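Working notes, beginning with the structure itself.
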Amino acid sequence: MAELMHGDKILARVKHEDDSGRKDYAPVEILERAQKRIVGKLAVQHGVWTLVPENRRLTQHMLIPAGELGGGKAGQVVIGEITAYPSRYRQPIGKIIAVLGEAMSAGMETDIAIENHNIPAEFPADVLAESASLPDELQAEDYDNRLDLRHLPFVTIDGITARDFDDAVYAEKRGSNYRLYVAIADVAHYVRPDSPLDAEAYNRGTSVYFPDRVIPMLPEKLSNGLCSLNPDVDRLAMVCEITLAPDGSIKRSAFHDAVIHSHARLTYETVEEILFADNTLLRDSFARLARPLDTLKSVYHILHAAREARSVIDFHAAEPEFIYDSEGKIETIKTRERLESHRLIEECMIAANICAAKTIGKHKIPALYRVHDDPSEERLARLIDFLGKRGIRWQGGAESATPQQFSELLSRCAERPDYAQIETMVLRSMSQAIYVPDNRGHFGLALEHYAHFTSPIRRYPDLLVHRAIRHHLHGGSREDYPYSAESMVEKGKHCSMTERRADEATRDAMDFLKCEFMSHRIGEHYHGRIAGITNFGFFVALDDLGIDGLVHVSTLTNDYYHYHSDTFTLTGERSGYRFALMDEVEIQVAKVDLEDRKIDFELIAHQGKALGGGKKRGKTTAPPAQTTTPAAKTTEPAQVTKTAKAAKTTKTAEKATKPAKVEKAAKTAGKTAKPAAAKAAKTAEKAAKSAKTTKAAKTAEKAAKPAKTAKAAKTAEKAAKPAKAAKATKTAAKTAKTEKAAKKTAAKAKRTKKNA
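For the sequence shown, position 343 matches number 343 in full-length UniProt numbering, and the numbering has no gaps at all.
Below you can see the structure in the form of structure tokens.
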């Protein structure tokens, strides 16, 4: 149906069902339109204005009447509102309602991502009004009926650029046990159910962290002010008090409505230096906090030991950090280093999340759990098949798996050169973590109970968990609780959607920024490793940049390369030269396609040996130093929440298959283009030797007739279309070169016939 647009909700009928039960559908009726506004570039041709969508899944250009341009100019990025949806015979029609600016202006990639993914960026007037009505500081009545913990030296530990502080921690030794306090901002005190603030927080679902800005779930007065656990001020908090045994197990826990006073705003880097790098000068400057920090380190060690004992599945995710210049353009890209201090806070947050899940489960209070289901049988079967082809034995059955089996597999393969490929396939076998009202455990973390409790400033599910726990603390009944189990089903779906939406939007922005960064470096050389191999080339991950690009097989002109799926290698047909996963390479940036977010490389050297078709030009760029600036806090493997990311290389591969077909034709031509005319000459020569038959002579005579060589001429004419006929080009060229020789040979054969 030409009337359909991406995302439309439709009524469909089953068109066909194959033997495996797979169904093909035919649309019957459009029930709901997904697109109301489209962001894209204005274009004009022959006086006709169109909006070309930035979202490549929107394939139809929108017609813009000349009187509805809204001041936009050709080439500018604009927002168009659809006034007439497409029909069978007509494109969609719309009008320009906003001009975002020039396509390459700073921050445009974020503006486009916000619009493409329908992320609410501006707060409604009633939300801002409610936020403004709140006091700037705590009021006297706020301290009533709260546990006063201001004497405990809580500290926040966050990234250098963080401005919203959800959590603060403190720990002390109690005999052979430890007591850990995790204080979380009391957002539920200020954001009440069904208020404008609450409705907008639910609508957004999560804060969205772009490289150049944050789209917060709550207005800044709350997120960075009244709710944030800023240093040296009193703040309301919900505190999880946890007693830990020496083996890291949780003996008991309790939740308190409390007031705390953060004694310091520390960064991950500072804590890393004090606790894990023996920086005595820095330690002396924080002498008053040295003892509780040392206790936190001890708590981390026992929690980490417990984590290893239950065999948590750990993935090694390298996240990029974009460093901007004074004009808002990217100066460089670095890879964030994961520190022990990151893991310290992560373990403390996981412990509090476990306690929260157990509390709402024990008292049967409707809320949302953070669930990561077991891998499906189908996905597990694909993984086992992949491992078998690599000569790796799966330690378990094909019907189900345990976290321990996955953890053991990754540990066993850690030193293999194809580890990155194995890790990717393990990741693809995983389900996606979601929010649901029934507790099904967390497979990746190897936990029976898990919920999100520690980030209510930036995640709506955490706010719901806070409300559930508070309802229990205050002795509320089921009748006066504002949520039912049924309502939580819909809330879980919505919050899972907003999380995916945020991930996709930030990934889109980062992909564009990487391409833009490399577009200014055409011809420059970089070092990297082969991260993926396909039948059309291999992907190279550049050292410490978090950027990858494709070396297309057509640029490897020294041989014809075959892809071997069982070993994930490319092997030269004549030379036997081989490219394998994790091989070291030097590449040259050849081409960047900003529209399709694709980067093409040419190979300069492989394993230290000069090779490839790339021209030696430009300069070799040394990789940047690593940075330790962290991303937003996480309490579970990053890839578990972003399984779509694992498929990114696959999608890129699908796009690349189009040029691969042309390349394959060219290679086939190179392999098979033995001159047709030369073959005719050999036939003529053979005929000349055989005086007993006239058939060969006739054949030779026919070969000399120009009319019969018209086919070769037509082939040559077709070969003038270089995009389609590399094979015809070579054949025609060589046929033309030998045509004269063929005529002479035929003439000689004719004389032989006469003499015979």
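Ideal Cβ placement from N, Cα and C applies to all residues, glycine included. Predicted model, so just to flag it, every value in this text is computed and none were measured.
Taking each of 468, 125 and 138 in turn and checking the Cα distance to residue 226, the smallest one comes out for 138. Contact between the segment 314-323 and the segment 257-272 is absent: fewer than 3 CB-CB pairs across the two stretches fall below 8 angstroms.
In this model, residue 231 and residue 156 are separated by some 8 angstroms (Cα to Cα).
Comparing alpha carbon positions, the residue from 127, 151 and 423 closest to residue 234 is 151. Within the same chain, and ignoring the five residues on either side of residue 219 in sequence, the residues whose Cβ sits closer than 7 angstroms to its Cβ are 123, 127, 128 and 131. By the C-beta density criterion, residue 147 is exposed, having fewer than 16 other C-beta atoms within 10 angstroms. Residue 83 carries a strand assignment under DSSP once its states are collapsed to helix, strand and coil.
Three or more beta-carbon pairs separated by less than 8 angstroms link the segment 323-340 to the segment 542-549, which places the two stretches in contact.
Secondary structure at residue 292: helix, using DSSP grouped into helix, strand and coil. In this structure, the beta-carbon distance from residue 521 to residue 589 falls below 7 angstroms.
Residue 356 sits buried, since 16 or more C-beta atoms from the chains shown fall within 10 Å of its C-beta. Note that the C-beta distance between residue 52 and residue 61 is below 7 angstroms.
Straight through space, the alpha carbons of residue 351 and residue 449 are spaced by roughly 10 angstroms. The count of Cβ pairs closer than 8 angstroms, one atom from the segment 192-203 and one from the segment 300-310, stays below three, leaving the stretches out of contact. One Cα belongs to residue 396, the other to residue 318, and the distance between them is close to 30 angstroms. Counting only residues of its own chain and dropping the five nearest sequence neighbours on each side, residue 418 has a CB closer than 6 angstroms to the CB of 581. Annotated three-state conformation of residue 602 is strand, per DSSP. In the structure shown, residue 176 adopts coil according to DSSP, grouped into three states.
Per the coordinates, the alpha-carbon of residue 452 lies some 43 angstroms from the alpha-carbon of residue 19. Relative to the Cα of residue 363, the nearest Cα in the group 471, 326 and 377 belongs to 471.
Within the same chain, Cβ atoms closer than 6 angstroms to the Cβ of residue 69 are found at 96, the five residues on either side in sequence being excluded.
Closest option to residue 509, judged by alpha-carbon separation, among 321, 366, 412 and 370: 321. Inclusion of residue 576 and residue 553 in the CB contact set at 7 angstroms is not warranted, their separation being larger than that value. Nearest to residue 112 by C-alpha distance, out of 595, 354, 464 and 2, is 595.
Residue pairing by DSSP places residue 260 opposite 235 in a beta bridge.
In the DSSP annotation of this structure, the continuous segment of the alpha helix (DSSP H) that includes residue 108 starts and ends at 108-116. In this structure residue 531 is in contact with residue 420, their Cβ atoms being roughly 6 angstroms apart against a cut-off of 8 angstroms. In the DSSP annotation of this structure, the continuous segment of the beta strand (DSSP E) that includes residue 586 starts and ends at 584-593.
By the CB criterion at 7 angstroms, residue 165 and residue 229 fall inside the cutoff. Residue 609 counts as exposed, since fewer than 16 other C-beta atoms from the protein chains shown sit within 10 angstroms of its C-beta. Here residue 31 is not near residue 64, since their CB atoms are 7 angstroms or more apart. In chain order, 600 place their CB closer than 7 angstroms to the CB of residue 591, counting only its own chain and leaving out the 5 sequence neighbours on each side.
For residue 315, there is no enclosing beta strand (DSSP E), since its DSSP letter is neither H nor E. Inter-residue distance for residue 6 and residue 236 is about 45 angstroms (C-alpha atoms, whole angstroms).
In this model, residue 323 and residue 84 are separated by some 43 angstroms (Cα to Cα). Here residue 38 is bridged, per DSSP, to 80.
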